[in-house]
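In the numbering used here, the protein residues as written are 2 to 191. For each residue, glycine too, the CB sits at the ideal point set by N, CA and C.
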Amino acid sequence: MKNMILFGPPGSGKGTQAVKLAEHYNLLHLSTGDMFRYEIKNNTPLGQRAKSYMDKGELVPDEITIEMLKERVERAKDVNGIIFDGFPRTVAQAEALDQMLEEISGPIKALLLLDVPDEEIVKRILLRGETSGRKDDLDEEIIRNRIEVFNRETTPVYDYYDQKNIAFKVDGVGSVDEIFRRICRTLDQL
Ligand code: AMP
């Protein structure tokens, strides 16, 4: 497996699974959410721009997100492959990603959707909020907005890769290890 996208709504377990997959397949794990949180923690101009969107559960504008990600991908020329977590979240981001990978490394081989029902997601994120320290994990209204944004702006990304026949769905309910095995089974069949 070279470059792949771990896809799914907030709270679907992308972060947890991406860490395990990166280790298992020797991939670089890139999470745009983590990158933004790092910038905010260090109070950089980029972090300051991203913060107001993140606090409301809105998407950070494409041009900011794409530029940040591109810079990181360009620095990763020598890696075995990349697992993208939380990116792309719009079709414009998907198009930009395909273009940058064409220039820099190989194409996306697979997009994997972690399928989790909305109500389960709200429960999981509220629970995560007790320890994550994330403002966007604490308020149910913001969580529901993030799910709405996912359904409205991000689900078309699934169709974009489905048209290329490289989009796959995996049941995202179960134990971490069960879900990990399901993902590996799907990837190993490619
Ligand atoms: P995450 O950690 O992936 O749940 O992302 C947390 C927040 O960061 C999101 O709700 C967005 O505000 C922002 N964010 C992360 N990735 C992206 C992206 N690819 N495009 C736009 N905003 C993003």
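- 7 Å or more divides the Cβ of phenylalanine 181 from the Cβ of lysine 3.
- Listed as beta-bridge partners of histidine 30 by DSSP are Ile84.
- Collapsing the DSSP output to three states places isoleucine 126 in a helix.
- The criterion of a C-beta distance shorter than 7 Å is not satisfied by lysine 78 and methionine 101.
- In terms of Cα proximity to isoleucine 184, the closest of Leu113, Phe85, Val74 is Leu113.
- Looking at the DSSP output, lysine 170 bridges to Leu114.
- In the DSSP assignment, asparagine 43 falls outside any beta strand (DSSP E), carrying neither H nor E.
- Placement of the Cβ of valine 74 at a distance of 6 Å or more from every heavy atom of the ligand AMP is found.
- Taking glycine 173 as reference, the option from Val150, Asp119, Phe151, Arg153 with the minimal CA-CA separation is Asp119.
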